[in-house]
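Residue numbers (our numbering), protein chains in the order written: chain F, 532 to 816; chain U, 16 to 172. Beta carbons are placed, not taken as given, at the ideal position from N, Cα and C, and that holds for glycine. On a predicted model such as this, the values are computed, not experimentally measured, just so you know. So the structure is just underneath, and the comments pick up after that.
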Amino acid sequence: MRLGRQAFSDDRALMMAIVNRTPDSFFDKGATWAEDAALARVAEVVEQGAEIVDIGGIKAAPGVEISIAEEKDRVVDFVAAVRSAHPGLVISVDTWRAEVGAAVCAAGADILNDAWGGADPELVDVAAEYDAAIVCTHTGGVTPRTRPYRIEYDDVVAAAIADTVAYAERAVHAGVARESIVIDPAHDFGKNTFHSLELTRRLGEMVATGWPVLVSLSNKDFVGETLGLDVSQRLLGTLAATSVCAMAGARIYRIHQVVETRQTVDMVWSIAGRRPPLRAIRGIQ
Amino acid sequence: MKTCPVTLVPGVPALLPSYASLQDPVAGLRATCLVSVARLGPRVRVSASGPSGARVAAALVAAVGGAVVEDGETGVLVVGNGSATRTEKAPGHFDPRAEAFDVALRVSFADIDAALAEELGADTACLRGLPPLAQAEVAYDDAPFGVQYWVATWEGR
Numbered sequence: 532m533r534l535g536r537q538a539f540s541d542d543r544a545l546m547m548a549i550v551n552r553t554p555d556s557f558f559d560k561g562a563t564w565a566e567d568a569a570l571a572r573v574a575e576v577v578e579q580g581a582e583i584v585d586i587g588g589i590k591a592a593p594g595v596e597i598s599i600a601e602e603k604d605r606v607v608d609f610v611a612a613v614r615s616a617h618p619g620l621v622i623s624v625d626t627w628r629a630e631v632g633a634a635v636c637a638a639g640a641d642i643l644n645d646a647w648g649g650a651d652p653e654l655v656d657v658a659a660e661y662d663a664a665i666v667c668t669h670t671g672g673v674t675p676r677t678r679p680y681r682i683e684y685d686d687v688v689a690a691a692i693a694d695t696v697a698y699a700e701r702a703v704h705a706g707v708a709r710e711s712i713v714i715d716p717a718h719d720f721g722k723n724t725f726h727s728l729e730l731t732r733r734l735g736e737m738v739a740t741g742w743p744v745l746v747s748l749s750n751k752d753f754v755g756e757t758l759g760l761d762v763s764q765r766l767l768g769t770l771a772a773t774s775v776c777a778m779a780g781a782r783i784y785r786i787h788q789v790v791e792t793r794q795t796v797d798m799v800w801s802i803a804g805r806r807p808p809l810r811a812i813r814g815i816q
Numbered sequence: 016m017k018t019c020p021v022t023l024v025p026g027v028p029a030l031l032p033s034y035a036s037l038q039d040p041v042a043g044l045r046a047t048c049l050v051s052v053a054r055l056g057p058r059v060r061v062s063a064s065g066p067s068g069a070r071v072a073a074a075l076v077a078a079v080g081g082a083v084v085e086d087g088e089t090g091v092l093v094v095g096n097g098s099a100t101r102t103e104k105a106p107g108h109f110d111p112r113a114e115a116f117d118v119a120l121r122v123s124f125a126d127i128d129a130a131l132a133e134e135l136g137a138d139t140a141c142l143r144g145l146p147p148l149a150q151a152e153v154a155y156d157d158a159p160f161g162v163q164y165w166v167a168t169w170e171g172r
């Protein structure tokens, strides 16, 4: 798998730390709205071992419309600043707009994380032009920044596979390198809690497509509704879901809490036989 | 006729590839074992006891590109170690007799108290008949996990 300037072997699980350039995202509520706070957050997650940062300029939930110009103001110079401070870091930008995608790639981004599943058909062309990686998500065809309302699937996993694989093939056709394409079932995007639970339970079916799978579970509403917990109390539920996805073989984890997620995924990776223990001597000395 | 070199290594399962860690807890021991086993030539006869001795020997011989043979050997690999009761954290917990037992082995393998060896978890069945360590080139002599290890080679003559 190659994500812009970095290649990763198939046995690696990668941490993609969320860095919001928004005043209103659901988990951090604007904690990194200021550029210096956001740069400090990047330095912190790099120190914690995150291989990727995912920079977003627009919160996923409905709200005040953010123009293309405003989104670019929020993320383009920031991507350049992160690139300058961390030359080897993989930088992802969470955007569905091709024009924003082109600007951030020119500023040093490696991944276009299209959380809204191809809403702008030209985003793949931008990824191809800049040799960037692309994350192909499943949203069930909803409009960006809308909440799911009475959406039904005959089979949500089959729908997620069909749409993301079709998107991946479209990206290949547009000229994106095959090793730079990732699929994401997009928990809670165009899905109710039951859908997200089923996607988690059956994640192995997505892994079996052969495309590397990204999961974005962190502190989401399906965790909150399942356990009856507020946003600030969802870490354990998130890590439980993370374990299940790790066992199935998800490769990239888009997260708020790097240290806890890394520990969880390392443990599961070792249980699955994909990672040796760090240092085992008990009983074999 | 020239006799073959003989090397003694401990039967430490952590040396097996199937028990590899990201950070090798026996890196120094492993490196020493490999250098010593490589001196035995391409055909190695193994004398091992204990549940893992033969597997460890086979893994070490394979790691240096040699083959385990029944006869026609170019060297002999003996597997065994001292007590496993040297510290509180040792596999057999601390036994106050362990250190003296290992000191005696260090002097001579001739008169091993088999009953005491078993009590102390020492793997000594194949050590009998070895010349004293004083006549060997001793490359490793330590008890890093409460188990006494030696890596030693007696050159052929």
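Separation of residue j from residue i, as counted between CA atoms
i: Val122/U; j: Phe116/U; result: 10 Å
i: Thr668/F; j: Ala77/U; result: 48 Å
i: Trp800/F; j: Gln150/U; result: 48 Å
i: Pro147/U; j: Val24/U; result: 15 Å
i: Pro32/U; j: Val71/U; result: 9 Å
i: Thr626/F; j: Leu745/F; result: 16 Å
i: Gly632/F; j: Val762/F; result: 29 Å
i: Ala130/U; j: Arg543/F; result: 50 Å
i: Glu660/F; j: Phe720/F; result: 28 Å
i: Thr168/U; j: Gln537/F; result: 47 Å
i: Val775/F; j: Glu683/F; result: 24 Å
i: Arg732/F; j: Arg701/F; result: 27 Å
i: Phe109/U; j: Ala548/F; result: 47 Å
i: Ile599/F; j: Val606/F; result: 11 Å
i: Ala602/F; j: Ile589/F; result: This sequence places Glu at residue 602/F; Ala is not what is there. Roughly 7 Å separates the two Cα atoms.
i: Arg143/U; j: Ala125/U; result: 6 Å
i: Arg678/F; j: Gly741/F; result: 30 Å
i: Leu120/U; j: Val153/U; result: 13 Å
i: Phe609/F; j: His704/F; result: 31 Å
i: Gly182/U; j: Pro159/U; result: The question about residue 182/U has no answer here: the residues shown for chain U are numbered 16 through 172.
i: Ala772/F; j: Leu748/F; result: 7 Å
i: Pro593/F; j: Ala646/F; result: 14 Å
i: Asp481/F; j: Gln816/F; result: In the structure as shown, chain F begins at 532 and stops at 816. Residue 481/F is therefore absent and cannot be evaluated.
i: Ile127/U; j: Arg112/U; result: 14 Å
i: Arg572/F; j: Ser67/U; result: 50 Å
i: Asp694/F; j: Gly759/F; result: 31 Å
i: Gly171/U; j: Lys17/U; result: 7 Å
i: Val796/F; j: Val687/F; result: 25 Å
i: Val655/F; j: Ala53/U; result: 56 Å
i: Gly639/F; j: Arg533/F; result: 15 Å
i: Val709/F; j: Arg681/F; result: One detail in the question is off: residue 709/F reads as Arg in this sequence, not Val. In a straight line, the C-alpha of Arg709/F is about 35 Å away from that of Arg681/F.
i: Pro618/F; j: Gly56/U; result: 49 Å
i: Leu766/F; j: Gly97/U; result: 49 Å
i: Gly26/U; j: Leu49/U; result: 13 Å
i: Leu730/F; j: Glu134/U; result: 55 Å
i: Ile802/F; j: Ala811/F; result: 14 Å
i: Ala574/F; j: Ala82/U; result: 52 Å
Where residue i falls, given that 16 or more other Cβ within 10 Å makes a residue buried
i: Lys751/F; result: buried
i: Gln788/F; result: buried
i: Ile642/F; result: buried
i: Gly587/F; result: buried
i: Arg628/F; result: buried
i: Lys722/F; result: buried
i: Arg60/U; result: buried
i: Glu85/U; result: exposed
i: Val584/F; result: buried
i: Phe753/F; result: buried
i: Arg552/F; result: buried
i: Thr769/F; result: buried
i: Leu44/U; result: buried
i: Gln764/F; result: exposed
i: Thr563/F; result: buried
i: Leu145/U; result: buried
Integer-rounded CB distance, given that residue j should sit under 8 Å from residue i
i: Arg782/F; j: Pro743/F; result: 4 Å
i: Leu734/F; j: Ala697/F; result: Rounded, the Cβ-Cβ distance is 19 Å, inconsistent with contact.
i: Ala99/U; j: Gly87/U; result: Not confirmed; about 34 Å, so no contact.
i: Met495/F; j: Ala581/F; result: With chain F running from 532 to 816 in the structure shown, residue 495/F is simply not present.
i: Asp138/U; j: Gly65/U; result: 4 Å
Per-residue contacts from residue i into chain A (C-beta, under 7 Å)
i: Pro28/U; result: Of the protein chains in this structure, namely F and U, none is chain A.
beta-carbon residue i near the ligand HEM non-hydrogen atom, thresh 7 Å
i: Ala29/U; result: With respect to small molecules bound, the structure shown includes none, and the ligand HEM cannot be examined in it.
**Asked** Is the segment 649 to 664 of chain F in contact with the segment 709 to 719 of chain F, if contact means three or more CB pairs nearer than 8 Å?
**Response** yes
**Prompt:** Can you list, in chain order, the residues of the segment 32 to 47 of chain U whose Cβ is nearer than 7 Å to any Cβ on chain F?
**Reply:** Tyr34, Ala35, Ser36, Leu37, Gln38 and Pro40
**Asked** Would the segment 557 to 569 of chain F and the segment 638 to 657 of chain F be scored as touching if the rule is three or more Cβ pairs under 8 Å?
**Response** no
**Item:** Residues of the segment 784 to 813 of chain F whose Cβ lies closer than 7 Å to any Cβ of chain U, in chain order
**Value:** Pro807, Pro808, Leu809, Arg810, Ala811 and Ile812
**Message:** Residues of the segment 104 to 118 of chain U in Cβ contact with chain F at a cutoff of 9 Å, in chain order, please.
**Reply:** Ala105 and Pro106
**Item:** chain F contacts from the segment 154 to 168 of chain U (Cβ-Cβ distance under 7 Å)
**Value:** Phe160 and Val162
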